[in-house]
Amino acid sequence: MPDVSFITVVPRVRDLTAYADTAMSVIRRTDAADLDGVLIFTGSGAVLDPWVLATAAAAGTTRLSPLVAVNPVYQHPFTAARMVASLGLLYQRRIDLNLITGTAVSDLDALGDRLDHDDRYARLAEYVEIMMGVLGSRRPFSFDGRFYQVSRLQLTPGLPAHLLPRLFVAGQSPAARQVAERVGATSIQMLTAARPDADGAPGALNFGLLTRATAEETERVAEARFPEDPDGAKITAVTMANTDSVWKQRLFAEAEAGHGAVTVDPAYRLAPFRSGQADGPYLVADHAGAVERLLAMVRAGVHTFVLDTPTDDEDFHHLAQVVRTVRDRLRTDSTEGAR
């Protein structure tokens with residue numbers, strides 16, 4: 018059976034006073050549904066520091082591994098390494114890392130970070146090499162690079178191998194893919210309108226999933242959850258001027274070009290992204306359809322699903338049913354293939 022992970026996302030919420038309660042609710046529901054992890058964002062506008070929220074997630078759950086977004090602009094690589102080691106040793110839990118370079122251009126200006134898009138990824142590669150060098154070495158670690166120079170750094174005690182983080186690089190640009198290859202990370206890409214079971218599928222895909230038992234019920238819930246929002250679409254268009262994110266710009270262009278059109282897969286929806294109700298595309302499908310689509314992605318080589326999911330109990334109940342069915346099918350396929 019392939020080793021497949023299902024990770025949910027702490028959502029961005031418009032009512033910032035509700036962020037902490039929403040985040041902890043998603044974390045608890047993810048753990049109760051026997052899913053594998055939860056993605057925690059970072060950024061100048063993040064309500065809670067991601068390491069603080071990762072600590073709460075590790076302390077308040079039984080098994081899931083937080084997937085913490087790490088951006089070099091916010092902290093030194095030794096600091097990140099020490100946080101990973103501290104949480105791992107305290108809770109005997111692996112802390113995975115989502116390696117990013119992006120934030121709003123205005124935030125980069127506010128922080129005085131003048132590097133261009135590709136140089137930020139070049140810096141990220143050095144950042145990861147230092148961080149993992151410190152985490153994985155029992156000897157003092159030194160590094161002399163273009164962006165960082167460190168001499169004889171050491172964490173004592175070291176982090177056991179089974180607690181070393183899995184690395185993911187978010188981004189679809191050539192620079193992002195080069196960094197992922199250089200540091201041995203899995204590339205996280207957004208699901209696109211192309212067939213997800215096509216050749217060349219990335220190791221990890223990020224998208225939303227809304228599912229119910231029947232197609233009729235699924236559509237009814239989707240219409241109520243993601244109503245047409247012209248004002249939201251205008252705001253999304255404005256934010257495109259404040260980002261140099263390749264994947265956001267591609268997704269927005271795809272949404273604008275295909276507004277109102279039927280895609281290759283009718284379950285693939287960009288309307289929530291276009292109207293600012295979600296950070297990426299959604300799959301809207303009944304249980305059977307969701308299972309078949311996820312299985313097709315696994316067979317194409319996807320091993321990690323980062324799923325933006327609405328946050329109430331019923332949503333998680335249906336998500337858990339789909340995931341259990343996928344795992345059962347994969348287990349059956351593996352058993353039959355071994356005969």
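For the sequence shown, the positions run 18 to 356 when the working numbering is used.
Cβ atoms here follow ideal geometry from the backbone N, Cα and C, with glycine treated the same way.
The model shown is predicted, which means the values in this text are computed figures rather than measured ones.
Checking the sheet assignment: what are the DSSP bridge partners for residue i?
i    : result
A221 : I205 and T321
S82  : G54
D15  : Absent from the model: residue 15. The displayed extent of the chain is 18 to 356, so no value can be given.
V69  : None, per the DSSP bridge assignment.
V301 : L227
Is it the case that the Cβ atoms of residue i and residue j are separated by a distance below 8 angstroms?
i    : j    : result
A313 : V301 : no
L84  : F224 : no
R99  : D48  : no
I205 : N115 : yes
H335 : T228 : yes
F243 : A288 : yes
G105 : I112 : yes
P298 : M148 : no
V145 : L181 : no
A232 : D303 : yes
R140 : P157 : no
T321 : T203 : yes
A86  : L176 : no
T78  : I44  : yes
P247 : Y165 : no
V319 : G188 : no
L401 : V340 : Missing from the structure shown is residue 401; the chain here goes from 18 to 356 and no further.
G249 : Q195 : no
R29  : F333 : no
T381 : L226 : Shown here, the chain extends from 18 to 356; a query on residue 381 therefore has no answer.
V186 : D130 : no
T253 : S292 : yes
A97  : L70  : no
Could you tell me the boundaries of the alpha helix (DSSP H) in which residue i lies?
i    : result
V238 : A232 to R242
DSSP three-state label for residue i, please.
i    : result
P289 : helix
Y91  : coil
T25  : strand
A35  : helix
L106 : helix
L128 : helix
V30  : coil
A278 : For A278, the pLDDT reaches just 47, beneath the cut-off of 50, and the residue's location in the model is therefore unreliable, although a value from the coordinates is still provided. It is coil, neither helix nor strand.
D248 : helix
T96  : helix
A74  : helix
G62  : coil
Q294 : coil
T342 : helix
G306 : helix
A210 : coil
D133 : coil
A254 : helix
K265 : helix
T349 : helix
D329 : coil
A40  : helix
T47  : helix
A337 : helix
A313 : helix
E271 : helix
Complete runs of the beta strand (DSSP E) confined to the segment 136 to 197 [at least 3 residues]: Restricting attention to beta strand (DSSP E) runs no shorter than 3 residues, the segment 136 to 197 encloses them at 158 to 161, 166 to 170 and 184 to 187, ordered along the chain.
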